[in-house]
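Visitor:
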Amino acid sequence: MLFGGRKVKRKMSSFEKKELAWMIVRLALIITGIALLIWVSPYFAFVILALVLWMGLDLILGLLKKSRPVLPAKDQRRHRHKYHFNDILWLLENPDLVNPEISFTLADVKEDDLYAVLEPGCHYIRSRYDCMDFRATSLYRFYKAGGAFIDKVSPSGKVRNMLEETMLGMKFWISEKGHDSVCYFSENHEITFFVLEYLIGRLFPDRVFKNDKKTGAEKEKEGRERMITWFELRGKYGFSEFYSHNYLPIDFANISLLVLHGDRTDKELMDRAKGILDILCLDYAHSYAFGTIIGAQGRAYARNNINCAFQENTTDLITDAIWNNSEKYGGLYYHKPSQVGAFLRLLKLKDEDGNPIYQVPEAIKAIGRDTDTQVIRSSFGLDLKDIRSEGLYGLEERQIMFQLGMVALSNPEVINNTFDYVNEHSLIYNEFLSPFKYFNISILRFLGVFPFLSRWLNIYPNGVALERSNVYIYKTKDYKLSTLINYKPGSAGAQQTTMAALLPGGVTVFTHHPLKDQEFRTAPGFWGGYGTAPHAVQHENVTMLIHRIPRKITFSPERILPYTHTYLPEELLDEVRVQGRYAFAKKGNTFLALIGASDFEYLPFQKEKVAVMEGLLKNPYKSFELVQRGRVQYTIYELSSADKESYEDFMQRIKSNAVSFDGKNLAYHTGERALALHYGGDFTLNGETQECKFKRYDSQYVQTDYLGEEITVKAGGFTHKIHIRENVRESSVDASTHQSSDNGGENE
7 MLFGGRKVKR KMSSFEKKEL AWMIVRLALI ITGIALLIWV SPYFAFVILA
57 LVLWMGLDLI LGLLKKSRPV LPAKDQRRHR HKYHFNDILW LLENPDLVNP
107 EISFTLADVK EDDLYAVLEP GCHYIRSRYD CMDFRATSLY RFYKAGGAFI
157 DKVSPSGKVR NMLEETMLGM KFWISEKGHD SVCYFSENHE ITFFVLEYLI
207 GRLFPDRVFK NDKKTGAEKE KEGRERMITW FELRGKYGFS EFYSHNYLPI
257 DFANISLLVL HGDRTDKELM DRAKGILDIL CLDYAHSYAF GTIIGAQGRA
307 YARNNINCAF QENTTDLITD AIWNNSEKYG GLYYHKPSQV GAFLRLLKLK
357 DEDGNPIYQV PEAIKAIGRD TDTQVIRSSF GLDLKDIRSE GLYGLEERQI
407 MFQLGMVALS NPEVINNTFD YVNEHSLIYN EFLSPFKYFN ISILRFLGVF
457 PFLSRWLNIY PNGVALERSN VYIYKTKDYK LSTLINYKPG SAGAQQTTMA
507 ALLPGGVTVF THHPLKDQEF RTAPGFWGGY GTAPHAVQHE NVTMLIHRIP
557 RKITFSPERI LPYTHTYLPE ELLDEVRVQG RYAFAKKGNT FLALIGASDF
607 EYLPFQKEKV AVMEGLLKNP YKSFELVQRG RVQYTIYELS SADKESYEDF
657 MQRIKSNAVS FDGKNLAYHT GERALALHYG GDFTLNGETQ ECKFKRYDSQ
707 YVQTDYLGEE ITVKAGGFTH KIHIRENVRE SSVDASTHQS SDNGGENE
């Protein structure tokens, strides 16, 4: 990656140095051997020709392997039936509720109707198109909830047979045989497939699954083992998809589905599942403000950053259930269909003695309710340089599950392992892994050149890996500011949201470098993810970003745009003023300031750019995209409120604050704080270097060391402990608090 002709250096890890040394040794031996052979006889020069032909044959064979389709062709997509699948599923799962948005009853549905509604989803799953796991989850729910209904409507068995044949023909993990372009990896896909394998195996214990010829009982056992591994990894290392508005709800949904329909006498499995639900709820509580968790996050799409707080969505259904007893949505949220409805049903489920199967711990609820000013630091995941020392490098299922879960494929630390796994399981046909076919040359793999090439070229896909993420959150009753601290500055595009300000009413303001200027829904793209990561830091109400945007990135799918942009929607704010390199905004009693290296410029309202917001912004006379041009630049955020100063005083104070920037060093003085950031280096406060690698949890409610396996939460007069290794959950209540806790003070 180049910045003004200079390559950004990254230190080699010890194992990279070792692999480089072995590459040099192998190469030297081959060259020496060939030279000796030619010295013995010139005819051995044909050895070189043979090697070249060998490499060419490897390349040709790889290129001939065509990827399987990710999605069906447009002319193969099924049309919507007059009765929608989601509506029927909602009626089956909520027999005692009435939904005014559904115009028919189950009695109206005939056999041909039901078959026509279900067949497109079954075809999609049988064809193994991407995201089939999400459709399979809905199909499983339909089968469980609609047993008697299915037999009544289709006494011939036509519908039941189609559903069962679809589930029995599924592929549940990337290592199973069969070529397809399904994304089995990333944390949320992993747990979805593992839960499905376990639950569907339980449905048909004596039936044989077509793909691997295992019985349902064997699939149940295999799925259980995989879930246990996944729970252990998430318990110790946290979520690479941290605070994700889009993907954590999928984890909620699948773990809840497991507890609802799994073997609740399996104490080890159930306790691990509940412990991970506790951790998910804790992460939500830390990021919760104004009814949502929008902020710095591990994976996001455009609407997760812009629009979610204004429309019904899965994350807000979860927060509504935890902190409002589902009063906002009232259980009628059904479209998509809502996978996280499983979490709501779980919260209402009682055992035979009338005790809740699962409740969100009161200590965790108390964090979300607390509107006092809070500083919350947290750390998620691992750096790739550390996976070997943690025993997570290799081809064992636990190891590959972790590597794929962090979407690390081409990085120098793992590229050899990826090649080994791809070749062992013939994964070149998978569209997500097919780029490896252009380099899958056996002699080059033997030489071990790929880690060196990956590091030297610093290729675009390397930036996608979800490495250790340190997040700083500052919450007051008036706003939330959150930042992904010092995350791989200058690295290529990924789906992270590196920073965001959340204002009253759920209005977001954020700045990033867009990867694309046309595809507005994708990530990394225009509003989701980023093209190039900034060096970002935060102290309380101030965030500082330095962008050094390269002119080129090896294998980048797009040209590199020479600007950053800020989502600052005039229509949703009470007032916006843009004054040169300053921009100010007001929402209620909350004030926001932006300071840039060069002048800010609002771009005209564009229908194409606003379409992704799904009706959120409608006024064509109000702008929303604030651009700062230049490849080397900075942006400073500072927030305040009417409790501290007037809006006019705030603006005047910000403009009087000292700022200096020389391309790499940014200094900002506000109040009694002198903040300084060196790009790729230290962040200081009043001359003292600030730690940018955090504990796992560091807040007034919970202190847990990085990679610590005991989490103790204290808030609102309650205490909740999660012992990850021992697989124990404990809740207690202070003597002064007369409410019962999550478990009535008993161990689980």
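Counting with my numbering, you get residues 7 to 754 for the letters of the sequence shown.
Yeah, the Cβ is synthetic: ideal placement off N, Cα and C, and Gly gets one too.
1. Closer than 8 Å by C-beta to Trp45: which residues in its own chain qualify, once you throw out the five before and the five after it? Chain order, please.
2. By the DSSP assignment, the beta strand (DSSP E) with Ala554 in it spans what residues?
3. Under 6 Å Cβ to Cβ from Pro626, same chain only, skipping five residues before and after it: list those, please.
4. Counting Cβ pairs closer than 8 Å, one from the segment 221–234 and one from the segment 202–211, do we hit at least three?
5. Pick from Glu716, Lys280, Tyr249, Ser250: whose alpha carbon is nearest that of Leu264?
6. Go to Phe199, then tell me how far its alpha helix (DSSP H) extends in each direction, as first and last residue.
7. Distance, Cα to Cα, Thr514 vs Ser440?
8. So what does DSSP say about His341, is it helix, strand or coil?
9. Hey, quick one: how far does the beta strand (DSSP E) through Phe588 stretch, first residue to last?
10. When you compare each of Ala506, Asp212, Asp322 to Phe258 by their alpha carbons, which one comes out closest?
11. So, at 6 Å on beta carbons, what are the nonlocal neighbours of Asp218 in its own chain, with the 5 sequence-adjacent residues on each side left out?
12. For a test of the three-state rule: what should DSSP assign to Lys522, helix, strand or coil?
13. Give the list of continuous beta strand (DSSP E) stretches no shorter than 3 residues that lie fully inside the segment 378–446.
14. Using only the alpha-carbon positions, how far apart do Ala327 and Trp96 sit?
15. Counting along the chain, where does the alpha helix (DSSP H) carrying Met657 start and finish?
16. Report the residue from Phe248, Ile282, Ser250, Tyr243 whose alpha carbon sits nearest the alpha carbon of Ser262.
17. With DSSP collapsed to three states, give me the class of His292.
18. How about Thr549 and Ala542: do their beta carbons lie closer than 8 Å?
19. Which stretch, first to last residue, makes up the alpha helix (DSSP H) that contains Phe237?
20. Give the secondary structure of Gly537 by DSSP, where H, G and I count as helix, E and B as strand, and everything else as coil.
21. Rounded to the nearest angstrom, how far is the Cβ of Val420 from that of Phe442, given a contact under 8 Å?
22. Indicate whether the contact test is met: 3 or more Cβ pairs, each with one atom in the segment 473–485 and one in the segment 638–647, closer than 8 Å.
23. List in chain order: all unbroken alpha helix (DSSP H) runs of 4+ residues lying wholly within the segment 118–162.
24. Since Arg557 and Ile566 are thought to touch, with beta carbons under 8 Å apart, how far apart are those beta carbons, to the nearest angstrom?
25. Spatial neighbours of Tyr707 within its chain, please: CB distance less than 7 Å, with the 5 preceding and 5 following residues excluded, ordered by chain position.
26. Would you say Cys128 and Thr198 are within 8 Å of each other, going by their C-beta atoms?
27. Going by DSSP, name the residue or residues bridged to Tyr685.
28. Could you give the residue range of the beta strand (DSSP E) that holds Val584?
29. Could you check if Pro495 is buried or exposed, using at least 16 other CB atoms within 10 Å of its CB as the buried criterion?
30. With Gly374 as the anchor, note down where its beta strand (DSSP E) starts and where it stops.
31. Pick out whichever of Pro520, Val455, Lys88, Leu609 has its Cα sitting closest to the Cα of Ile30.
32. Using 10 angstroms around the beta-carbon of Asn167, count the other beta-carbons present and answer buried if the total reaches 16, otherwise exposed.
33. Just to confirm, are Val618 and Arg309 a CB contact at a threshold of 8 Å?
34. Return the first residue and the last residue of the alpha helix (DSSP H) that Leu174 is part of.
35. Whose CA, out of Leu352, Ala295, Gln303, Asn313, lies closest to the CA of Thr325?
36. Please state whether DSSP places Val734 in a helix, a strand or coil.
Guide: Working from what's here:
1. Result list for Trp45: empty, nothing under 8 Å.
2. According to the sequence provided, residue 554 is Arg. The question's Ala does not apply to it. That run of the beta strand (DSSP E) goes 548–554.
3. So the list reads Phe611, once near-sequence residues are dropped.
4. Contact between the segment 221–234 and the segment 202–211 is present, because at least three Cβ pairs lie under 8 Å.
5. Nearest option by C-alpha distance: Lys280.
6. For Phe199, the enclosing alpha helix (DSSP H) covers residues 193–209.
7. Rounded to the nearest angstrom, the two C-alpha atoms are 37 Å apart.
8. Because the pLDDT at His341 is just 47, under 50, the model does not fix this residue reliably, and the point stays unresolved.
9. A small correction: the amino acid at residue 588 is Tyr; Phe does not occupy that position in the sequence shown. Element bounds for Tyr588: 588–593.
10. Comparing Cα positions, the closest option is Asp322.
11. Counting only residues of its own chain and dropping the five nearest sequence neighbours on each side, Asp218 has a CB closer than 6 Å to the CB of Glu182.
12. It is coil, neither helix nor strand.
13. Whole beta strand (DSSP E) segments, 3+ residues: 380–386.
14. Taking the straight line from one Cα to the other gives about 18 Å.
15. Segment 653–662, the alpha helix (DSSP H) holding Met657.
16. Of the candidates Phe248, Ile282, Ser250, Tyr243, the one whose C-alpha sits nearest the C-alpha of Ser262 is Ile282.
17. When DSSP states are grouped into helix, strand and coil, His292 belongs to the helix group.
18. Yes, they are a contact pair.
19. Where Phe237 is concerned, the enclosing alpha helix (DSSP H) stretches over 222–243.
20. For Gly537, the three-state secondary structure derived from DSSP is strand.
21. Rounded, the Cβ-Cβ distance is 12 Å, inconsistent with contact.
22. Contact between the segment 473–485 and the segment 638–647 is present, because at least three Cβ pairs lie under 8 Å.
23. Within the segment 118–162, the complete alpha helix (DSSP H) runs of at least 4 residues are 138–151, 153–159.
24. With a Cβ gap of about 6 Å, Arg557 and Ile566 count as contacting.
25. Taken in chain order, the residues that qualify are Ile373, Val719, Lys720, Ala721.
26. No, the Cβ-Cβ distance between Cys128 and Thr198 is not below 8 Å.
27. When beta bridges are read from the DSSP output, Tyr685 appears opposite no residue.
28. Looking at the DSSP string, the run of the beta strand (DSSP E) that includes Val584 is 581–585.
29. It counts as buried.
30. For Gly374, there is no enclosing beta strand (DSSP E); the residue is part of the alpha helix (DSSP H) that begins and ends at 368–375.
31. The shortest CA-to-CA distance from Ile30 to any of Pro520, Val455, Lys88, Leu609 is the one to Val455.
32. Asn167 comes out exposed.
33. The beta carbons of Val618 and Arg309 sit closer together than 8 Å.
34. In the DSSP assignment, Leu174 falls within the unbroken alpha helix (DSSP H) covering 164–174.
35. Checked all of Leu352, Ala295, Gln303, Asn313; the closest Cα to Thr325 is Ala295.
36. Strand at Val734.
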